[in-house]
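Shown next as structure tokens:
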């Protein structure tokens, strides 16, 4: 029998449930849930459609400590309707972000795993995500950092992909995907010639964690281990990016340059080559330490 | 309504709004002074360069015209669906636009939206939905997705969705539904210039949408739940 003990130490973030991620990310036994499943608050819109509901509506929220610092935390459950945002789900998230303004925690941690708006309650979900965006940016204005963590099976797409990029900083694993329109949505609408969603390597080169890190869209690329996410969160918790005219002008410049430099690129590997990385086609196969070494100094417009 | 006619109706005192490749930027004159105008036409699908051009303009207004109100004219079929946009991180470009609009609000620019044709999903979310005042024309259409596409993706029978769309405002396309949910405030009737002047200068407060949705009985849970989490 082969020895598998060395393959994965710790706990996979990718495979964990929303609740497991919280309990292993925060200081042990520090998590206190707000509006837990015992209150049996579920979406009112699913039952009329004959759909199963959940007593947390796909998101767990509460308070806790990270390395001794008080934080607010939300964790989306991809296992329930792909972490999609409906009326109740969105209201929990908006309420949590607004609570931060009064409570002044050291940070708000958003464990994002979502396909975006829940189509079964699409209008309510769209407005809910708009409310989340406003609440998030108001929280940032009050000086409280909002950190996003991405690394679950469903990725972070749709309106939640916009929410993610409104955060102060993002932490992602190699398996994490971040974008707007999911590959399957593009394929269904525009055809397989535009985007073959079954080509997993292509999907990861386009929206995967390594590509997002190279473009400077996420600040930390970590191993698929909840402990690694925790260490990264502790490290960046006080590196706040205030929203100011100067910071947005800087972001404008970075995004303009990216469009000018890579706007005609057809593939992630093409962009990495243009960034001056040798053997870009080898990047997807590298483990995280080798990858970080290979791309050192090449990451675009980072913090 | 054609964009040329719309601009003339909104600004009988004149305007200098350019339409370059279906992206609108410029200024209009109203009975309450100058207002910055930006938007899209011809159901434009918002791509990375669209979001960047609009964000550029917002930053310019913040720098050059402190405190000037901003009018967003919405006509979009949503975000552009393409591999290239995803490769460049279009969600980050849209987030950038949303952040620029938020900065404008924080610096005293009132944000007003008029949906004059189509407002769909992602392109609307990071743009028109950021406003404090969101209004529509009667002929406008607001949606996340049409019912046939929704039926395909949710794997629910179209007949069932059509049946429920009569009683539930939460998922069927339509202005009336968005009004019930608190996402849209009013439908503007002619004369449009008067309607615009009426909202310019209204006080900008917190996000009131979940409270409106509650009062209009379209979203009964969002308000009480968010308040409980916030205050509890």
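Residue numbers (my numbering), protein chains in the order written: chain A, 3 to 305; chain B, 5 to 236.
A virtual CB, placed ideally from N, CA and C, is assigned to each residue, including glycine.
Within 7 Å (strictly less), CB to CB, does residue i reach chain B?
i, result
"residue 139 of chain A", "yes"
"residue 305 of chain A", "Unreliable placement is indicated for residue 305 of chain A, whose pLDDT of 42 sits below 50; the coordinate value is still reported in the next sentence. By this cut-off, residue 305 of chain A is not an interface position."
"residue 183 of chain A", "yes"
"residue 93 of chain A", "yes"
"residue 20 of chain A", "no"
"residue 47 of chain A", "yes"
"residue 208 of chain A", "yes"
"residue 149 of chain A", "no"
"residue 79 of chain A", "no"
"residue 301 of chain A", "no"
Would you list the residues sitting across from residue i in a DSSP beta bridge?
i, result
"residue 76 of chain B", "B:42, B:117"
"residue 62 of chain A", "A:77"
"residue 190 of chain B", "B:139"
"residue 49 of chain B", "B:82"
"residue 31 of chain B", "B:20, B:40"
"residue 148 of chain A", "A:110"
"residue 72 of chain A", "A:67"
"residue 222 of chain A", "A:173"
"residue 147 of chain B", "B:124"
"residue 222 of chain B", "Bridge partners of residue 222 of chain B: none, in fact."
"residue 231 of chain B", "DSSP, once it has assigned bridges, lists no residue as partnering residue 231 of chain B."
"residue 180 of chain A", "A:158"
"residue 34 of chain A", "A:65"
"residue 116 of chain A", "A:158"
"residue 87 of chain A", "A:119"
"residue 210 of chain A", "A:179"
Between residue i and chain A, is any beta-carbon pair separated by less than 7 Å?
i, result
"residue 158 of chain B", "yes"
"residue 215 of chain B", "no"
"residue 129 of chain B", "yes"
"residue 126 of chain B", "yes"
"residue 223 of chain B", "yes"
"residue 65 of chain B", "no"
"residue 123 of chain B", "no"
"residue 7 of chain B", "no"
"residue 116 of chain B", "no"
"residue 229 of chain B", "yes"
"residue 233 of chain B", "yes"
"residue 133 of chain B", "yes"
"residue 226 of chain B", "yes"
"residue 220 of chain B", "no"
Figure out for me which residue from the options has the closest Cα to the Cα of residue i.
i, options, result
"residue 201 of chain B", "B:52, B:118, B:92", "B:118"
"residue 221 of chain B", "B:186, B:196, B:229", "B:186"
"residue 160 of chain A", "A:84, A:192, A:90, A:291", "A:84"
"residue 143 of chain B", "B:123, B:134, B:42", "B:123"
"residue 51 of chain B", "B:5, B:160, B:7, B:128", "B:128"
"residue 35 of chain A", "A:48, A:20, A:65", "A:65"
"residue 46 of chain A", "B:175, B:203, B:19", "B:175"
"residue 24 of chain B", "B:183, B:40, B:58, B:18", "B:58"
"residue 115 of chain A", "A:31, A:141, A:23, A:186", "A:23"
"residue 143 of chain A", "A:273, A:170, A:277", "A:170"
"residue 169 of chain B", "B:156, B:87, B:150, B:159", "B:150"
"residue 111 of chain A", "A:238, A:260, A:217", "A:238"
"residue 240 of chain A", "A:113, A:290, A:147, A:74", "A:147"
Less than 7 Å between the C-beta atoms of residue i and residue j, yes or no?
i, j, result
"residue 220 of chain A", "residue 231 of chain A", "no"
"residue 151 of chain A", "residue 131 of chain A", "no"
"residue 95 of chain A", "residue 76 of chain A", "yes"
"residue 128 of chain A", "residue 134 of chain A", "no"
"residue 306 of chain A", "residue 233 of chain B", "Because chain A is modelled from 3 through 305, residue 306 of chain A falls outside the range shown and cannot be assessed."
"residue 22 of chain B", "residue 30 of chain B", "yes"
"residue 104 of chain B", "residue 146 of chain B", "no"
"residue 123 of chain A", "residue 225 of chain B", "no"
"residue 47 of chain B", "residue 79 of chain B", "yes"
"residue 176 of chain A", "residue 154 of chain A", "no"
"residue 156 of chain A", "residue 117 of chain A", "yes"
"residue 67 of chain A", "residue 32 of chain A", "yes"
"residue 70 of chain B", "residue 114 of chain B", "no"
"residue 217 of chain A", "residue 93 of chain B", "yes"
"residue 140 of chain B", "residue 208 of chain B", "no"
> Between the segment 120-138 of chain A and chain B, which residues of the former have a C-beta closer than 8 Å to a C-beta of the latter?
Replying inline: Those residues of the segment 120-138 of chain A that come within reach of chain B (Cβ to Cβ, closer than 8 Å) are 121, 122, 123, 124, 125, 126, 127, 128, 129, 130, 131, 132, 133, 135, 136, 137.
> Using a Cβ cut-off of 8 Å, which residues of the segment 77-108 of chain B contact any Cβ in chain A, in chain order?
Replying inline: Hits within the stretch, in order: 83, 85, 86, 87, 88, 89, 90, 91, 92, 93, 94, 95, 96, 97, 98, 99, 100, 102, 103, 104, 106, 107.
>> Please identify, using Cβ separations under 9 Å, the residues of the segment 163-175 of chain B that lie next to chain A, in order along the chain.
In response: For the segment 163-175 of chain B, the set of residues with a beta-carbon nearer than 9 Å to any beta-carbon of chain A comprises 164, 165, 168, 171, 172, 173, 174, 175, in chain order.
>> Tell me which residues of the segment 136-150 of chain B have at least one Cβ-Cβ distance to chain A shorter than 7 Å, keeping chain order.
In response: Against chain A - using a Cβ distance shorter than 7 Å - the residues of the segment 136-150 of chain B are 148, 149.
>> By the 7 Å beta-carbon criterion, what residues does the segment 189-200 of chain A contribute toward chain B?
In response: Only those residues of the segment 189-200 of chain A whose C-beta falls short of 7 Å from the nearest C-beta of chain B are listed: 191, 192, 196, 197.
> Any residues in the segment 30-59 of chain B with a beta carbon nearer than 8 Å to a beta carbon of chain A? Which ones, in chain order?
Replying inline: Cβ contacts with chain A come from 52, 53, 56, 59.
> Quick one, which residues of the segment 242-273 of chain A are near chain B if we go by CB-CB under 8 Å, in chain order?
Replying inline: Answer set for the segment 242-273 of chain A: 245, 246, 247, 250, 251, 253, 254, 257, 258, 260, 261, 264, 265, 267, 268, 269, 270, 273.
> What residues in the segment 176-209 of chain B bring their beta carbon closer than 7 Å to a beta carbon of chain A?
Replying inline: Going along the segment 176-209 of chain B in chain order, one finds 181, 182, 185, 186, 187 with a Cβ nearer than 7 Å to chain A.
>> Beta carbons nearer than 9 Å to chain B: which residues of the segment 27-54 of chain A have them?
In response: Hits within the stretch, in order: 36, 37, 43, 45, 46, 47, 50, 51, 52, 53.
> What residues in the segment 169-182 of chain A have a beta carbon less than 8 Å from any beta carbon of chain B?
Replying inline: Flagged, chain order: 180, 181, 182.
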